[in-house]
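Data first, discussion second: the structure below is written as C-alpha cells.
Quick look at the structure:
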C-alpha cells in the first residue's frame with residue numbers, strides 16, 4: 001500500500017540553488033562579524049539569530065518541511081523549541097557564577 | 104457480508120480500508136519518514152543540551168581560551184562549513200533524481216555528498232591533531248580554563264560521529280538504491296538525516312569557532 005507523501009510536485013532546481021546561495025552569504029556575514037569589535041552579548045545575539053535563520057532555511061526548503069502537511073511541522077517544531085527553551089532557562093545562572101568568582 | 108448488511112452503519116469501513124492497516128497517516132508521510140523526523144527532533148535536543156552545557160561553562164569562566172587564529176583555524180572551519188552546505192545541495196539533487204526516474208543520477212549525487220562528508224572528517228581530524236599537538240587535552244590546555252578541551256572535543260566529536268555515521272548510511276542507501284533494493288523514500292529519508300547533521304554544524308561553527316577566534 002502506497003502512502004501519499006503529501007507533495008507530488010518537483011521543485012525547480014533554482015529554489016534550492018537560491019537557498020544554498022543565501023546560506024553561503026550568511027556564513028560569510030557571520031565570519032566577517034566575528035572580527036568586528038562588538039560587545040560579546042551583542043555578538044552572541046546576532047550570531048544566534050543568523051544561525052536560526054540558516055536553520056530555518058534548511059528545515060523549510062532542504063528538508064522540505066514547508067511543502068509537507070502543516071500538521072507535521074506543527075507536531076515537530078513547537079515541541080522541539082519548547083524543550084530547548086526549557087533547557088536554556090538555566091543559562092542566566094552562568095552569569096551569576098561568573099560574578100561570584102573571587103577576583 | 105451478510106452480517107454487515109443486516110446491521111448497516113455498524114462498520115464504517117471494511118478491513119481493507121481500515122485506517123489501522125497502514126498507508127494512511129495524519130501527516131501524509133510514510134511511517135519511516137515520520138520516524139526519522141522524530142529521531143531528528145530527539146537528536147537536536149541532545150545537541151542542544153550539550154551546547155547549553157558548553158555555553159554555561161564558557162560564560163561562567165574567566166579566561167576561556169581563544170585559540171583559533173584566522174589562518175589556519177577559522178579558514179579551515181569556514182571551509183568545513185562550505186563543504187557541509189555543498190553536501191546539503193548535492194543530497195537535495197540526489198533526492199530529486201528518483202522523482203525523475205534517474206537511479207544512476209541519484210547514486211552519483213549521493214556519492215558526491217559522501218565525498219563531502221569524508222572531506223569534512225579529514226579536515227576536522229587534521230584540526231584535532233593540530234590542537235592536540237599544541238597541548239590540548241581533555242582537562243588541560245596551555246592557555247586557560249581546563250574544561251576547554253573536554254567541551255570542545257565532546258561537542259565536535261559527537262558531531263563528527265554523526266557525520267561519519269551519515270557517510271556510511273548514505274553509502275548503504277546509494278548502493279542499495281542503484282540496485283533497486285531501496286525506494287525513493289529511503290533516499291529522501293537519508294537526505295533528512297544529512298541535512299540535520301549540517302544544521303547542527305550551523306550552530307557549532309559560530310558558537311565554538313567564531314566566538315573563540317583570536318582577534319587580538
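Chains as they are written, first to last, in the numbering used here: chain A, 1 to 103; chain B, 104 to 319.
Cβ coordinates follow ideal geometry from the N, Cα and C atoms, glycine included.
Can you find a CB in chain A that lies within less than 8 Å of the CB of residue i?
{"i": "residue 195 of chain B", "result": "yes"}
{"i": "residue 183 of chain B", "result": "no"}
{"i": "residue 199 of chain B", "result": "yes"}
{"i": "residue 298 of chain B", "result": "yes"}
{"i": "residue 268 of chain B", "result": "no"}
Reducing DSSP to helix, strand and coil, say where residue i ends up.
{"i": "residue 240 of chain B", "result": "strand"}
{"i": "residue 316 of chain B", "result": "strand"}
{"i": "residue 285 of chain B", "result": "coil"}
Where do the N-terminal and C-terminal ends of the alpha helix (DSSP H) with residue i fall, by residue?
{"i": "residue 89 of chain A", "result": "It is not in any alpha helix (DSSP H) - residue 89 of chain A carries neither H nor E in the DSSP assignment."}
{"i": "residue 197 of chain B", "result": "178-202"}
{"i": "residue 134 of chain B", "result": "134-163"}
{"i": "residue 13 of chain A", "result": "13-34"}
{"i": "residue 55 of chain A", "result": "40-57"}
Cβ of residue i less than 8 Å from any chain B Cβ?
{"i": "residue 39 of chain A", "result": "no"}
{"i": "residue 95 of chain A", "result": "yes"}
{"i": "residue 10 of chain A", "result": "yes"}
{"i": "residue 35 of chain A", "result": "yes"}
{"i": "residue 112 of chain A", "result": "Residue numbering for chain A in the displayed model covers 1 to 103; residue 112 of chain A lies beyond these limits and cannot be assessed."}
{"i": "residue 66 of chain A", "result": "no"}
{"i": "residue 27 of chain A", "result": "yes"}
If you drop the 5 nearest sequence neighbours on each side, which residues of the same chain put their C-beta closer than 6 Å to that of residue i?
{"i": "residue 294 of chain B", "result": "194, 198"}
{"i": "residue 292 of chain B", "result": "135, 136, 139"}
{"i": "residue 81 of chain B", "result": "Limits of chain B in this structure are 104 at one end and 319 at the other, which puts residue 81 of chain B out of reach."}
{"i": "residue 315 of chain B", "result": "169, 171"}
{"i": "residue 186 of chain B", "result": "219, 222, 223"}
{"i": "residue 47 of chain B", "result": "Here chain B comprises residues numbered 104 to 319, so residue 47 of chain B is not present and cannot be evaluated."}
{"i": "residue 100 of chain A", "result": "none"}
Considering only residues of the same chain and omitting the five flanking positions on each side of residue i, which have a CB-CB separation below 8 Å?
{"i": "residue 268 of chain B", "result": "none"}
{"i": "residue 130 of chain B", "result": "137"}
Taking only heavy atoms of the ligand NAP into account, decide whether any of them is closer than 7 Å to the Cβ of residue i.
{"i": "residue 184 of chain B", "result": "Absent from the structure shown: the ligand NAP. Ligands present: none."}
Can you find the residues in the same chain that come closer than 7 Å, C-beta to C-beta, to residue i, ignoring five residues on each side of it along the sequence?
{"i": "residue 274 of chain B", "result": "217"}
{"i": "residue 290 of chain B", "result": "197, 198, 201, 209, 276, 280"}
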